[in-house]
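Residue 1 is where the sequence shown starts when you use UniProt numbering, and the numbers rise one by one after that.
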Amino acid sequence: MNTNSQPSSPPLPPNSSMSQRLIAGELTPAQFLGLSQEQVYALATRGYELLVRGNTQAAIDIFKGLTAAAPYDSVFHCHLGAAYVQAERFQEGLEAFNRSLQLNIANVDALGGRSELLLREGKVAEALADIQAALQLDPEAKRETTQRARTALLLLQSMAEDTEADASKKP
Numbered sequence: 001m002n003t004n005s006q007p008s009s010p011p012l013p014p015n016s017s018m019s020q021r022l023i024a025g026e027l028t029p030a031q032f033l034g035l036s037q038e039q040v041y042a043l044a045t046r047g048y049e050l051l052v053r054g055n056t057q058a059a060i061d062i063f064k065g066l067t068a069a070a071p072y073d074s075v076f077h078c079h080l081g082a083a084y085v086q087a088e089r090f091q092e093g094l095e096a097f098n099r100s101l102q103l104n105i106a107n108v109d110a111l112g113g114r115s116e117l118l119l120r121e122g123k124v125a126e127a128l129a130d131i132q133a134a135l136q137l138d139p140e141a142k143r144e145t146t147q148r149a150r151t152a153l154l155l156l157q158s159m160a161e162d163t164e165a166d167a168s169k170k171p
């Protein structure tokens with residue numbers, strides 16, 4: 001009987017080379033599981049459809065799974081953020097948008113989504129930076145999020161002008 005009973009390591013799966021690559025971060029979990037990019041994006045499409053239909057929790061579940069399976073995909077984190085916002089889980093939405101932007105600073109949808117959350121928190125300067133970045137990336141406002149960002153900018157400008165006008169009327 002072995003008195004030096006340290007727990008033994010579980011055996012590596014038959015393809016230990018792939019396991020090692022997964023551990024080293026050279027493969028995503030989706031790649032390790034043999035999921036093609038087409039399969040992963042088909043799941044994302046389903047998640048987006050659920051989000052649009054208002055089935056928010058199912059969309060969150062799908063995008064949480066996708067961000068775990070493909071953790072370097074900025075779009076999946078962005079859609080997870082949008083789903084959290086729809087569920088009024090704003091802090092989690094902000095975290096998802098932040099992660100999306102860490103992966104791709106030019107993700108216009110994440111910039112727009114984060115700017116809206118920053119405005120909710122009263123962080124106007126930070127929100128304006130995101131709005132300006134989104135408008136530079138999509139100057140024609142072809143994306144819905146950029147259109148909302150442009151509207152927010154116009155409202156902020158109008159509020160600033162009203163504040164200046166009120167201040168100039170006071171003695």
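Virtual Cβ for every residue (Gly too), placed ideally from N, Cα, C.
Practice prompt. To the nearest angstrom, report how far apart A58 and G47 are at their CA atoms.
Written response: Along the sequence shown, read from residue 1 onward, the residue named residue 58 stands at position 58. Along the sequence shown, read from residue 1 onward, the residue named residue 47 stands at position 47. Approximately 7 Å between the Cα atoms of the pair.
Fill in: Environment of T67 [buried if 16+ CB atoms lie within 10 Å]
Reading the sequence shown from its first residue, position 67 is the one you call residue 67. By the 10 Å Cβ count, T67 comes out buried.
Practice prompt. Output the boundary residues of the alpha helix (DSSP H) element that contains I131.
Written response: For the purposes of this step, residue 131 is taken as the residue at position 131 of the sequence shown. Element bounds for I131: 124-137.
Practice prompt. Can you give me the Cβ contacts of A83 inside the same chain, cut-off strictly under 7 Å, excluding the 5 residues immediately before and after it?
Written response: Here the question's residue 83 lines up with position 83 in the sequence shown. So the qualifying residues of the chain are L51, T56, A59, I60, F63.
Item to complete: Out of L103, G112, E49, V75, state which residue places its alpha-carbon closest to the alpha-carbon of L137.
Response: Numbered from its first residue, the sequence shown carries residue 137 at position 137. Closest in C-alpha terms to L137, from the list L103, G112, E49, V75, comes G112.
Worksheet entry | Simplified DSSP state of L12, which is helix, strand or coil | Stepping through the sequence shown from its first residue, residue 12 is reached at position 12. Here L12 scores only 46 on pLDDT, less than 50, and its place in the model should not be relied on; the value that follows carries that caveat. Three-state result, L12: coil.
Discussion item. Among the candidates R53, S158, L103, Q91, whose CA atom is the shortest distance from the CA of F76?
Written reply: Here residue 76 refers to the residue found at position 76 when the sequence shown is read from its first residue. It is L103.
Discussion item. Along the chain, where does the alpha helix (DSSP H) containing N107 start, and where does it finish?
Written reply: Indexing the sequence shown from 1 puts residue 107 at position 107. Membership of N107 in any alpha helix (DSSP H) is not indicated, and neither H nor E is assigned to it by DSSP.
Worksheet item: So what's R53 in DSSP terms, helix, strand or just coil?
Response: Here residue 53 refers to the residue found at position 53 of the sequence shown. DSSP places R53 in coil when its eight states are reduced to three.
Practice prompt. Since I believe S100 is in contact with N107 (beta carbons under 8 Å), could you give me their beta-carbon distance rounded to a whole number of angstroms?
Written response: Numbered from 1 along the sequence shown, position 107 holds the residue referred to as residue 107. Numbered from 1 along the sequence shown, position 100 holds the residue referred to as residue 100. About 5 Å separates the beta carbons of N107 and S100, which is inside the 8 Å limit, making them a contact pair.
Discussion item. Cutting at 8 Å between CB atoms, please list the residues of its own chain near A44, excluding the five before and the five after it.
Written reply: Position 44 of the sequence shown, counted from the start, is the residue given in the question as residue 44. Cβ contact annotation for A44 (same chain, cutoff 8 Å, sequence separation greater than five): I62, F63, L66, V75, F76, H79, in chain order.
Worksheet item: Any idea what DSSP makes of R143, helix, strand or coil?
Response: Taking the sequence shown and counting its residues from 1, the one referred to as residue 143 is at position 143. The answer is coil: DSSP assigns R143 none of H, G, I, E or B.
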